[in-house]
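Number of protein chains: 2
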Amino acid sequence: MKSYFVTLGFNETYLLRLLNETSAQKEDKLVIVVPSPIVSGTRTAIENVKIQSYRLHYPEPEVHEIKLSDFNTTLSQILDYLLPLPEPIISDLTIGMRMFNSLILINILISKKKFTVYLRDEGGGSTVISFNDNAINALLRDYTKEEMRMLDVIKRNNGISTTELAKVLGKSEKTLLNKITELKKIGIVTQKGKDRKVEITPLGENAMKLIEKKLTSSVSNLQKCGQKASPF
Amino acid sequence: MKSYFVTLGFNETYLLRLLNETSAQKEDKLVIVVPSPIVSGTRTAIENVKIQSYRLHYPEPEVHEIKLSDFNTTLSQILDYLLPLPEPIISDLTIGMRMFNSLILINILISKKKFTVYLRDEGGGSTVISFNDNAINALLRDYTKEEMRMLDVIKRNNGISTTELAKVLGKSEKTLLNKITELKKIGIVTQKGKDRKVEITPLGENAMKLIEKKLTSSVSNLQKCGQKASPF
């Protein structure tokens, strides 16, 4: 069981495509949040979703009107509809009003639910970008100094063996293997080949960019204070 | 000094309005990320921004083309332009392609920079919703059990005095006042009147919703395991 949480504008095509491509089932949830009052173009789109959902055995849409107000009041209404939903949450943020797409994204992120979000190229291209809670968690995570150092060594020696890595870091191979298992679970390193060489993943590269930025700012802050800076 | 980080479609009106309403200065940064290759409607909009920026002493736009690819490759390109920018980052996520609005929002959030983001009602209404890094941090924060308990008591007794609150929580008034100062800084409680009564803010109400959800799920998880559940 999964839950669709989307907004809708004048065109239901992208929503129906999302339901089709993610194999929506009758027993899934389909929650549509739209600005209040519902304008006639959106009402027509909702009616079309209802008809197609019935015909194609997709979940019946539940439509909720959101009264636009300040950030917290608007967020609060959307949260009330999102929080009780079963995970994972599936959304496409290229449907309907831009304002609602951003609000839905924030709601999904702060809910800390499992999710997959799809972004479609509206420019006519066929690109679909998707990301999930694992990716965002890896990017938002505060890495420890020890983890930063390990990632730094792996990045500088991409494809390093665990034996070599343990030696460079001054750790036992057992401790190191536990840590690698953890970082693999987060999705930022991977092991390849029969000798299990350690590599940074593309997600790990982005996490490293954020870490490096953080190190650079703390180094420059330290330098501003006239202290000797140490990267770790 | 501040940095504008936005995308652009066929219409530069919202961007010029953002620059005007936030008093953009010549020395600020204005970075525009657009999908590659730039289509002619966007090229015209960029030219118009250049002309108006020159005329109105707004910052000169720096335009970067982003090659749409998978999530990590696309994110990486945008991060490279965002990370070096001076804070705060100002953005309006109701300009241009929806896909880019979501990517910009994610980039801003993971960069952990100070920011203010504006969302405009494209439906013709005059509503503008804005939010900043403080609000998102308060919502994403992991509250300790002690903080949850304190917030719960404040919420159930909105407008409680610090003396009473200290008594209920079994804490010294000094310890309590330090904690209240911290929660006020996060933005989730406030003190009102000459007797400094403690109240939950609208942001705090939303943070509480997320906490309650978390407590409910952990209680139901515990119950599933056949253990006795305690809310704190």
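Going down the list, the sequences are from chains A and B.
Take the first sequence: its letters are residues 62 to 293, numbered as in our numbering.
Take the second sequence: its letters are residues 62 to 293, numbered as in our numbering.
All residues carry an ideal CB built from backbone N, CA and C; glycine is no exception.
Keep in mind that this is a model prediction, so the values were computed, not measured.
My assumption, with CB atoms under 8 Å, is that residue i sits in contact with residue j. Please give the rounded CB distance.
i, j, result
"A:Ile-93", "A:Glu-121", "In fact, because the Cβ distance is near 11 Å, the residues do not count as touching under 8 Å."
"A:Tyr-115", "A:Leu-91", "The Cβ separation is near 12 Å, so there is no contact."
"A:Thr-223", "A:Leu-238", "6 Å"
Using alpha carbons as the reference points, say which of the options lies closest to residue i.
i, options, result
"B:Ile-249", "B:Arg-78, B:Ser-222 and B:Glu-208", "B:Glu-208"
"A:Lys-258", "A:Leu-226, A:Met-269, A:Asn-267 and A:Lys-240", "A:Leu-226"
"A:Leu-170", "A:Leu-117, A:Gly-184 and A:Ala-199", "A:Ala-199"
"A:Glu-108", "A:Thr-134, A:Leu-79 and A:Leu-69", "A:Leu-69"
"B:Leu-276", "B:Gln-86, B:Gly-185, B:Thr-205 and B:Lys-128", "B:Thr-205"
"A:Gly-265", "A:Thr-251, A:Lys-255, A:Lys-235 and A:Asp-89", "A:Thr-251"
"B:Ala-85", "B:Val-229, B:Asp-203, B:Phe-66 and B:Asn-218", "B:Phe-66"
"B:Leu-117", "B:Lys-87, B:Thr-134 and B:Lys-128", "B:Lys-87"
"A:Tyr-75", "A:Asp-89, A:Lys-63 and A:Gln-113", "A:Gln-113"
"B:Thr-236", "B:Leu-77, B:Val-95, B:Met-211 and B:Asp-203", "B:Met-211"
"A:Thr-134", "B:Thr-188, B:Thr-134 and B:Val-100", "B:Thr-188"
"A:Lys-274", "A:Asp-203, A:Leu-77 and A:Val-178", "A:Asp-203"
"A:Met-158", "A:Val-229, A:Ser-278, A:Val-100 and A:Asn-218", "A:Val-100"
For residue i, collect the residues of the same chain with a Cβ closer than 8 Å to its Cβ; drop the 5 residues on either side in sequence, then sort them by chain order.
i, result
"B:Lys-111", "Glu-121 and Pro-122"
"A:Ser-137", "none"
"A:Ile-167", "Leu-136"
"A:Glu-234", "Thr-223, Thr-224 and Ala-227"
"A:Lys-245", "Thr-251 and Gln-252"
"A:Ser-278", "none"
Taking 9 Å as the threshold (C-beta atoms), are residue j and residue i in contact?
i, j, result
"A:Ile-151", "A:Thr-83", "yes"
"B:Ile-165", "B:Leu-154", "yes"
"A:Met-269", "B:Glu-183", "no"
"A:Leu-140", "B:Asn-267", "yes"
"B:Leu-143", "B:Ser-163", "no"
"B:Ala-196", "A:Phe-132", "yes"
"B:Pro-98", "B:Glu-73", "no"
"B:Gly-220", "B:Lys-253", "yes"
"B:Ile-156", "B:Leu-79", "yes"
"A:Leu-201", "B:Leu-271", "no"
"B:Ser-130", "B:Asp-89", "no"
"B:Pro-149", "A:Gly-186", "no"
Can you name the residues that DSSP bridges to residue i?
i, result
"B:Val-124", "B:Ile-93"
"B:Arg-181", "B:Val-189"
"A:Asp-153", "A:Tyr-179"
"B:Gln-252", "B:Val-259"
"A:Asn-65", "As written in the sequence, residue 65 of chain A is Tyr, which differs from the Asn given in the question. DSSP output for A:Tyr-65 lists A:Leu-91 and A:Ile-151 as bridge partner(s)."
"B:Ile-221", "B:Val-259"
Kindly list the residues whose CB is nearer than 6 Å to the CB of residue i, restricted to its own chain and excluding five residues on each side of it in sequence; keep chain order.
i, result
"B:Asp-194", "Lys-175 and Phe-176"
"A:Leu-77", "Gln-113"
"A:Ile-247", "Ala-199"
"A:Lys-128", "Ser-97"
"A:Phe-293", "Only weak support is given to the placement of A:Phe-293: the predicted model assigns it a pLDDT of 48, under 50, and the question is left unresolved by the model."
Among the residues of its own chain, which have a CB less than 7 Å from the CB of residue i, if the five just before and after it don't count?
i, result
"B:Phe-71", "Gly-102, Thr-103 and Ala-106"
"A:Lys-289", "With a pLDDT of only 48 at A:Lys-289, under the threshold of 50, the placement of this residue in the model should not be trusted; the figure read from the coordinates follows. So the list is empty, once near-sequence residues are dropped."
"A:Lys-216", "Ile-261 and Met-269"
"B:Asn-81", "none"
"A:Met-62", "Glu-88, Asp-89 and Pro-147"
"A:Asp-256", "Ser-222"
"B:Val-313", "Outside the displayed span of chain B (62 to 293) sits residue 313 of chain B, for which this structure offers no information."
"A:Lys-240", "Met-211"
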